[in-house]
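Chemist: I'd like to ask some things about the structure below.
In the numbering used here, the protein residues as written are 7 to 87.
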């Protein structure tokens, strides 16, 4: 029996999964690293909290644009804009 070729969609899906895993690892590392650095800087507690919220919003934006939106575009019948 001759092996059948994988459809192109499975290659795209595998590539997307690898990109998603890499994006989540990078976002998690950035969040961890910035929180560690902010903890070392002497500043008021309210300012640290503001910086932490801004960093969290940036990480959520990374996850949104590099993970969630590409996943939604891969769904059949999804709107492509």
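Glycine is no exception: its CB is placed at the ideal position from the N, C-alpha and C atoms.
Out of curiosity, what's the CA-to-CA distance linking residue 43 and residue 21?
Modeler: Taking the straight line joining both Cα atoms gives about 33 Å.
Chemist: Determine the direct distance from the alpha carbon of residue 52 to that of residue 37, and round the result to whole angstroms.
Modeler: 18 Å
Chemist: Whole angstroms is fine: what's the gap from residue 19's alpha carbon to residue 54's?
Modeler: 40 Å
Chemist: What does a CB cutoff of less than 8 Å around residue 41 pick up in its chain, not counting 5 residues either side in sequence?
Modeler: 58, 61
Chemist: Provide the residue span of the alpha helix (DSSP H) that contains residue 69, from first to last.
Modeler: 51-69
Chemist: Could you tell me the alpha carbon to alpha carbon distance between residue 56 and residue 35, rounded to whole angstroms?
Modeler: Looking at the backbone, the Cα of residue 56 and that of residue 35 are separated by about 19 Å.
Chemist: How many whole angstroms separate the CB atoms of residue 68 and residue 33, which I take to be in contact at a CB cut-off of 8 Å?
Modeler: 5 Å
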